[in-house]
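What follows is a set of notes on a single structure, which appears directly below.
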Amino acid sequence: MTLSRLKKMKMAEEKIVCLTAYDATMGYWLDQAGVDVILVGDTLGMVVQGHQTTLPVTLQEMVYHTQMVQRGNQHAWCVADFPFMSDITIEKACESAAMLMKEGHANMVKLEGGSPRTLSIIERLSELGVPVCGHLGLLPQSVEKNGYRRAGKDEASAKILLENAIALEKAGAEMLVLECVPDYLAGDISRATSIPVIGIGSGGESDGQVLVLTDILGTSVGGVPPFAKNYLVGAGSIQQAIQNYVDEVRSKKFPG
Ligand code: KIV
Ligand code: NA
1 MTLSRLKKMK MAEEKIVCLT AYDATMGYWL DQAGVDVILV GDTLGMVVQG HQTTLPVTLQ
61 EMVYHTQMVQ RGNQHAWCVA DFPFMSDITI EKACESAAML MKEGHANMVK LEGGSPRTLS
121 IIERLSELGV PVCGHLGLLP QSVEKNGYRR AGKDEASAKI LLENAIALEK AGAEMLVLEC
181 VPDYLAGDIS RATSIPVIGI GSGGESDGQV LVLTDILGTS VGGVPPFAKN YLVGAGSIQQ
241 AIQNYVDEVR SKKFPG
């Protein structure tokens, strides 16, 4: 998978299928199922390490999990999250990107937010040849401050999110994750940008979908978010569950 192929999929209105993975076994099976983009998300802090939030995850741990995923994955585009505080200055973000790409073998890095600081970090990384994915809406790394609340609910905050998305693309972002924003807004942002927009809990109008692997397998401890669907029920195997998710996103059956 390449960035230009992902952009062509957006233009052709072919849905982009994304799922998280944290180890080589799942990296292998997601790739086999035809997942386009594998996200090594810092959700691993919660669903692998057992923390309450994503905040304790370290850069070294992200590198370790990205390495494992990439040993199993052959074709899918691999995005690795910058963990909390690993991207707070341009210098730090550059060093973190070097680790995730040179040691972890990620194809792309992802960072949360749309502040002027974030934009300048994206500009620098992009100038250095690092593909960057933005992340707007609900920001799990800001959960201690803001809680787990849906974003862009009123007109003013929706307008800011749309402006942020356009600014992220202008700064050089090549992909964008939208978490828990209204369906219509995810559609507006997808149409207002030329980079792939991948939604989670944001309806069916974005260019692609992402979910957390343990949420589609129904194994997330403490419950699964309401927008996720358990694909293991009736599937008979984990591989078939992943395949059913891929097929439903492609055919626009999920999220419906
Ligand atoms: O860390 C993660 O898994 C993510 C997705 C929920 C988008 O950022
Ligand atoms: Na994340």
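Heads up: the sequence shown begins at 1 in the UniProt record's numbering, then just goes up one per residue.
Note that CB positions come from ideal geometry on N, CA and C, so glycine has one too.
Per DSSP, Thr58 lies in no beta strand (DSSP E) segment and is marked neither H nor E.
In the DSSP assignment, no residue is bridged to Glu169. Under the three-pair Cβ rule at 8 Å, the stretch 112 to 126 does not count as touching the stretch 146 to 158. Near the ligand KIV, residues with a Cβ at less than 7 Å from any of the ligand's heavy atoms are Thr20, Leu39, Gly41, Asp42, Thr43, Thr54, Asp81, Lys110, His135, Pro140, Val177, Glu179, Ile200, Val210 and Val212; the list follows chain order. With 16 or more neighbouring CB atoms inside 10 Å of its own CB, Met101 falls in the buried class. A buried status is given to Ala76, since no fewer than 16 other beta-carbon atoms sit within 10 Å of its beta-carbon.
Contact check for Gly187 against Glu163 fails: the beta carbons are separated by 9 Å or more.
Inter-segment contact for the stretch 89 to 96 and the stretch 19 to 33 is absent: fewer than three beta-carbon pairs are separated by less than 8 Å. The three-state secondary structure of Thr20, taken from DSSP, is strand.
Residue pairing of Lys110 in beta bridges, as defined by DSSP: Asp81 and Cys133.
One thing to note: Pro140 has its Cβ within 9 Å of the Cβ of Asp42. Residue pairing by DSSP places Ile38 opposite Leu19 and Cys78 in a beta bridge.
Per DSSP, Gln243 is not a residue of any beta strand (DSSP E); the alpha helix (DSSP H) it occupies stretches across Ile238 to Arg250.
Comparing alpha-carbon positions, the option among Leu161, His65, Val40 and Ala106 lying closest to Tyr184 turns out to be Leu161. Gly199 is bridged by DSSP to Leu178 and Gln209. Remark: three or more beta-carbon pairs, one from each stretch, lie closer than 8 Å, so the stretch 129 to 139 and the stretch 173 to 184 are flagged as touching. Inter-residue distance for Ile216 and Ala241 is about 8 Å (C-alpha atoms, whole angstroms). With a threshold of 16 other beta carbon atoms within 10 Å, Leu128 falls short and is exposed. The residues Ala24, in chain order, have a CB closer than 6 Å to that of Arg71 in the same chain once the five nearest residues on each side in sequence are set aside. Sixteen is the threshold: when 16 or more other Cβ atoms of the shown chains lie within 10 Å of the Cβ of Ser86, as they do, the residue is buried.
Taking C-beta atoms as the reference points, Val79 and Gln209 fail to come closer than 9 Å.
Note on Gln67: 16 or more other CB atoms within 10 angstroms of its CB, so buried under the neighbour-count rule.
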